[in-house]
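Chains as they are written, first to last, in the working numbering: chain W, 44 to 144; chain U, 8 to 154; chain E, 544 to 821; chain Y, 12 to 112.
The beta-carbon is built from N, C-alpha and C at its ideal position, and this holds for glycine as well.
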Amino acid sequence: MSSIRIKAKERKGVVDVKTLMKHKMETGLRKGKDGKKIPEHWIQEVSAESGGKVVFVAALNTSISKDPYLSFKFVGKKGDPIKISWKDSKGATDSAETIVK
Amino acid sequence: MNRRSILKAAGAMAIALITLPRMAFAAYAEKAFKNKEVDSSLNELFGSNATTPSDEVKLKAPDIAENGAVVPVEVSTSLNADSIAIMIKENPNPLAIVADIPPGTEGKLKTRVRMGKTTLVTAVVNSGGKLYTASKEVKVTIGGCGG
Amino acid sequence: MKQFLRSAIAGVLGLSISLVAVGGPEDDRLAFKKYYENKFPDTPTEDFANGVYSILPAAREQWEAIEEFPPYELAVEEGETLYNSKFANGKSLVDCFGPEGAVRSEYPFWDKDRGLVITMERAVNECRKANGEKPYGWKKGKITAVTAYMSFNSRGQEVKVEVPSDDPRALAAYEDGKEHFYTKRGQLNFACADCHMLTAGALYRADTSSPAFGHATSWPVFRSKWQSMGTLHRRFAGCHKNIRANPYKAQGTEYSNLEYFVTYMSNGLEFNGPAARK
Amino acid sequence: MRKVLIIATLASLVSMNTLAASNVGANKIIKEATAAYKQVAKDTSYQWTVSVKAIKAAQKAYDAGNFTAAEKLARQALDLVDATRIQARIEAKTWQMRVPK
C-alpha cells in the first residue's frame, strides 16, 4: 500500500487536491524510551504533476506535522491524472497516482 | 534553493518526466531550513528579507491551537504568487514549508504544522521577487487533559 | 464496595418493584440527555456525538480542518486489509462479522450465556482466538485499525444498547458502570461526572471538558495528543491517570461495564466513528 | 580528657542507635504502607497512583541508605492510602447525589 493518499476533485475548472502522506516526521528533538534523542527523519520534498506538467512542489521542514497533509489547487479537469511523490531526508521516495474526479 | 532555482528545477523535472519514469527532486535548501531566525532564513530562501504586510495575503490559523503538534494553517493570496512560505517565529527553525506555485496553480497552500509554544506565524508570498506577508499570533497552551 | 454495590442494586431492584420501573436505565437516560440539552441549548441533540466540538466553535474550526483529510483514514485503510486477510485456517474476520463488518450498533451487548458485557473489540479478538490467531493488543495498533474500518462502515447506525430486563446481572453490570461514572476517584477527587457532566464545558487548565452525552459514539479515535489511534478503554485509562487514580485493565469488568453505561446513555445518537479528537 | 572521650563515645553510640532504629523503623513503615496500599485496593476496588509512587520513592530512599527520607515518604504513602479509604467511604454514600433526576 502506498504511503500517499490523494483526493482530487474538479469544480469549475479548478482541481482541489488534498493529500495525506504517512510518515513519522521525526523532529530530532524527541527522546526515545532509552532517553536518547531519536534522529531526525522527515519528508523534505513533495511534488505533484498532472499530464507531464509539474503543478506543485513543496519543500518541508521537520515542523510539518506527523503524516503531512497538503492541499493546493490547480487548473485542470475531471479525468486528468495526478501523481504525487515525496522524498525524505534518508533519500527514500514514494509516489501514488489517481484520476481527478 | 531560491525562488528561481526551485522553479527551474520544477521545469527541469517536467522535461525529465517525459523520459524518466520516476520524478526527480530539486536540491533541498538545507541552509534556509536549518536557520534559526526568520530574517536570515528568508535571505537564504529568497535572497532578501524585505517584507511588506499585505491585505492580499490571507493567513488562516487558530487563535488558540487545540494541540501544538497539529495546527491547521492555510495561506491564500490574490497576488500572482511564485512561491508561498510559512514561518513560525518561535520554532527552533522558523521555516516550516515553502511551496512553488507554477503558472496554472492557485496561490493557495494548506497544511498542518507543529509549534512548540505561543508564536507569531507569518505567511510569506513571493510575487515577482517581492515578499508580501500576513501574520498572526497563535497561542499554544500546554496542560490540562489534552495538551 | 462490593457489598455496597449489592445493596445499591438491591435498592434499585427494590425501587423498580415497588414504584414500577422508576430509576431504571431508560429513566436514567432521559434525565441524562435532558441535562445536556438544558446545559447546552445551542447544541442540536445529534451534534453531541461530536464531543467537545459540539460546544466549542473555535476548536470546531480546527477539527473541521483536520476532518478534511483525517489521519484516521490511514487506519481505516489498514483495517480494511487486516479485515479481509485470511487467518492461517483460511477464514477471516469476514466469517465472523460479514463482508463489511458494519456491526457497530450491535455492541456493546449483554451476553446472557456468559454473564458479561461484550464490546466490539472483545468480539474481534474472540473471533481471532476462535480461529487460532493471537488476539490484538486492546488499546492501540491493529485493534484500532480493524475497529476503525468496521466503525467507518457502520457510520449512521443508531446507538441502541439494551439492558435485558430478564437478566438481573445485566442491570447489575449497568449499575456498576453507572456507579463508576458518578464516583469520585484519585488524588484529584474527580468523578467522570464532575468533568464531563456537572462542569462539562468548563476549563481545566488549558482544556475544555467535553460532554459525556455522545462520548461513546466515535471510537476508535485518532487523538492529537497520542499522535495515534486508540480505543475507548485507552482513553478511560488516560482519564484515570489524569486524576491520579490507577487505571483498570482494558476490557476488564470495570471498563466494560463503564462502556456499557456510557454507551447506553448515548442511545438514540448515531455511531460516527472513527473520529479525530484533540 | 577521658571524660570527653567517654561522652563522645556515648554520643556516637547513641547516634548509631538512632541510625539503627531509623533503619528498622523506615523498613517497618514501608512494609505497613505497602500492606495498607494493597488492602485499600481490595476494599475499595481502586487506588491512587500517587500512593504507589510514594511507596516506590520510599523504597528507593531506603535502598540508598537515606532512612529519614524513606520514613517520611512511607508516612506520606500511608496518609494517601488513608485518604483513598475516606474518599471511598464518602463516595459510597454520596455518588447517587450526582445522578440527574
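Alpha helix (DSSP H) containing residue i: first to last residue?
i        : result
E:Thr624 : 615-627
W:Pro124 : Taken as a continuous stretch (DSSP letters only), W:Pro124 belongs to no alpha helix (DSSP H), being part of the beta strand (DSSP E) at 124-131.
E:Thr687 : 685-696
E:Lys582 : 568-582
Y:Tyr73  : 60-74
E:Val637 : 636-640
W:Arg73  : Per DSSP, W:Arg73 belongs to no alpha helix (DSSP H) and is neither H nor E.
E:Arg603 : 600-610
In whole angstroms, what is the alpha-carbon distance linking residue i and residue j?
i        : j        : result
W:Glu140 : Y:Thr55  : 58 Å
E:Lys577 : Y:Lys104 : 25 Å
U:Gly54  : E:Arg665 : 60 Å
E:Glu669 : E:Pro678 : 7 Å
E:Lys727 : W:Gly75  : 34 Å
U:Ala92  : U:Pro101 : 10 Å
U:Lys41  : U:Thr58  : 21 Å
W:Lys79  : U:Gly111 : 46 Å
E:Ala601 : U:Asp70  : 8 Å
W:Ile142 : Y:Val110 : 54 Å
E:Ala645 : E:Ser697 : 4 Å
W:Ala102 : W:Val89  : 6 Å
U:Ser134 : W:Trp129 : 26 Å
U:Ser86  : E:Pro642 : It is worth fixing the name first, because residue 86 of chain U is Leu in this sequence and not Ser. C-alpha separation (whole angstroms): 51 Å.
U:Ala31  : E:Thr687 : Only weak support exists for where U:Ala31 lies, its pLDDT of 47 falling under 50; the value from the coordinates is given anyway. About 36 Å.
W:Arg54  : W:Lys121 : 9 Å
E:Ser648 : E:Gly684 : 22 Å
U:Lys124 : E:Pro651 : 41 Å
E:Arg787 : Y:Ser62  : 9 Å
U:Ile149 : E:Lys634 : 47 Å
E:Asn732 : Y:Ala37  : 29 Å
Y:Lys39  : Y:Phe78  : 11 Å
W:Ile47  : E:Pro763 : 22 Å
W:Gly56  : W:Lys50  : 16 Å
W:Lys133 : W:Ile86  : 9 Å
Y:Asp93  : Y:Ala85  : 12 Å
E:Gly675 : E:Lys629 : 12 Å
Just verifying my parser: in three-state terms, what is the DSSP assignment at residue i?
i        : result
E:Asp654 : strand
E:Gly720 : helix
E:Gln794 : coil
W:Thr136 : strand
E:Met663 : helix
E:Phe814 : coil
Y:Val110 : coil
U:Leu27  : For U:Leu27, the pLDDT reaches just 37, beneath the cut-off of 50, and the residue's location in the model is therefore unreliable, leaving the point undetermined.
Y:Ile97  : helix
W:Glu53  : strand
E:Phe733 : strand
E:Tyr596 : helix
E:Phe630 : coil
Y:Ala85  : helix
U:Ser113 : One point to set straight first is that residue 113 of chain U is Glu, not Ser, in the sequence displayed. U:Glu113 falls in the coil class under three-state DSSP.
W:Ile107 : strand
W:Val97  : strand
E:Ser561 : Any reading at E:Ser561 is ruled out, since the residue's pLDDT is 40, under 50, leaving its predicted position unreliable.
E:Glu669 : helix
W:Ile142 : strand
E:Ile786 : coil
W:Lys61  : strand
Residue i lies in the beta strand (DSSP E); which residues open and close that run?
i        : result
W:Gln87  : 86-93
U:Ala141 : 137-147
E:Gly773 : 771-773
E:Ala645 : Unbroken run through E:Ala645: none, as it is neither H nor E.
W:Phe117 : 112-118
U:Ala130 : 126-134
E:Val764 : 764-766
request  = Using a Cβ-Cβ cut-off of less than 8 Å, give me the residues of the region 53-86 of chain U that come near chain E, in sequence order.
outcome  = Correct list: Pro69, Asp70, Ile71, Ala72, Glu73, Asn74, Ala76, Val77, Val78, Pro79, Glu81.
request  = Below 8 Å between beta carbons is the criterion; list the residues of the region 604-631 of chain E that meet it against any residue of chain W, in chain order.
outcome  = So the close ones are Glu611, Phe612, Pro614, Glu616, Leu617, Glu620, Glu621, Thr624.
inquiry  = Just to confirm the assignment: which complete alpha helix (DSSP H) runs, minimum length 4, are found wholly within the region 28-111 of chain U?
reply    = Counting only runs of 4 or more, we get 37-40, 45-53.
query = Just by C-beta distance, which residues in the region 729-760 of chain E are closer than 7 Å to chain U?
reply = Only those residues of the region 729-760 of chain E whose C-beta falls short of 7 Å from the nearest C-beta of chain U are listed: Tyr747, Arg748, Ala749, Asp750.
inquiry  = Which residues of the region 120-148 of chain U have a Cβ closer than 7 Å to any Cβ of chain E? Give them in chain order.
reply    = Within the region 120-148 of chain U, the residues whose Cβ lies closer than 7 Å to some Cβ of chain E are Thr148, listed in chain order.
ask   = When Cβ atoms are compared, which residues of the region 60-72 of chain W fall closer than 7 Å to chain E?
value = Those would be Lys61, Leu63, Lys65, in chain order.
ask   = Using a beta-carbon distance cut-off of less than 7 Å, what residues from the region 784-795 of chain E approach chain U?
value = For the region 784-795 of chain E, which is checked against every Cβ of chain U, the residues closer than 7 Å are Asn785.
request  = For the region 574-606 of chain E, enumerate the residues whose C-beta is nearer than 8 Å to any C-beta of chain U, in chain order.
outcome  = Listed in sequence order: Ala601, Ala602, Glu604, Gln605, Trp606.
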